[in-house]
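Numbers in this note's numbering are just positions in the sequence shown, counted from 1, shifted up by 36.
Note that the Cβ used here is the ideal one computed from N, Cα and C, for glycine as well.
These numbers come from a predicted model, not from an experiment.
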Amino acid sequence: MELYIDTANVKEIKEISDWGVLSGVTTNPTLVAREGRDFLEVIKEICDIVDGPVSAEVISEDMPGMIQEGREKKNWHDNVVIKLPCTPAGIGACSVLEAEGIHCNVTLVFSAAQGFLAASAGATFVSPFVGRLDDSGTDGMQVVEDLAEIFELHGFNTRIIAASIRNPNHITAAALAGAHIATVPYSVIKKAILHPLTDKGLVSFKRDWEAAQQA
Ligand code: G3P
């Protein structure tokens, strides 16, 4: 499973990218709006930091608008992936754009049936929202597991991005459920790297080392 970061904050992306663990980036209108910056400028900056797929979401709600936006955004950078909502218009736009060789990420997926339709439209990526499903009392990771089984069973090449990841356990569970990618917020990546026993171990290593130097 590959790790993507789910943010439009270039400082966060740079920090985690420097660890050498990032394979891509996902953004959404909420995340871009939070930065208060020009969309194109942010995406170009992100593409300069991470050499991998960078999802940029369309704002249009109708199919012609999404197709036009997709074609325009693809010109921003070769690594841009067009993020489309899992609606009838989004699925239709996905079919058209993928036929033109423009990679799409179908987002806001909350059921395996939605994910199957996205894959049938030729989507390169499909993003089930694990955390939001958990919030509504449904097992979000089950959708990831079902999609992994369906894609394997029926030979779909669509890659599953486990999205709406809320804690480090979600990362592990996504990997075990067969997600190809987990897109993880900065705060969760930071939580995942930290462990009190690692810190405790470091303190004792240092103490023992320094004691031996003075002996
Ligand atoms: O990638 C989707 C993600 O941005 C949504 O996460 O935490 O807003 O449900 P969340």
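Contact check between the region 43-54 and the region 234-242: fewer than three CB pairs, one atom from each, fall below 8 Å, which does not count as touching.
A distance of 9 Å or more separates the beta carbons of LYS50 and ILE79. For ALA92, the Cβ stays outside the 8 Å cut-off from all heavy atoms of the ligand G3P. For the pair CYS83 and ALA247, the Cα-to-Cα distance works out to about 48 Å.
Residues LEU39, TYR40, ILE41, ILE49, ILE52, VAL86, GLY88 of the same chain have their beta carbon placed closer than 8 Å to that of LEU58, with the five preceding and five following residues left out of the count.
In the DSSP assignment, VAL68 falls within the alpha helix (DSSP H) that extends over 65-71.
Counting only the Cα atoms, SER147 lies some 50 Å from LYS242. Taken in chain order, the complete beta strand (DSSP E) segments of 3 or more residues contained in the region 151-224 are 161-164, 195-198, 217-220.
Taking a cut-off of 8 Å for Cβ pairs, the region 96-104 and the region 114-132 touch, as three or more such pairs fall below it. A distance of 9 Å or more separates the beta carbons of GLY151 and CYS140. The beta carbons of GLU97 and ALA125 sit closer together than 9 Å.
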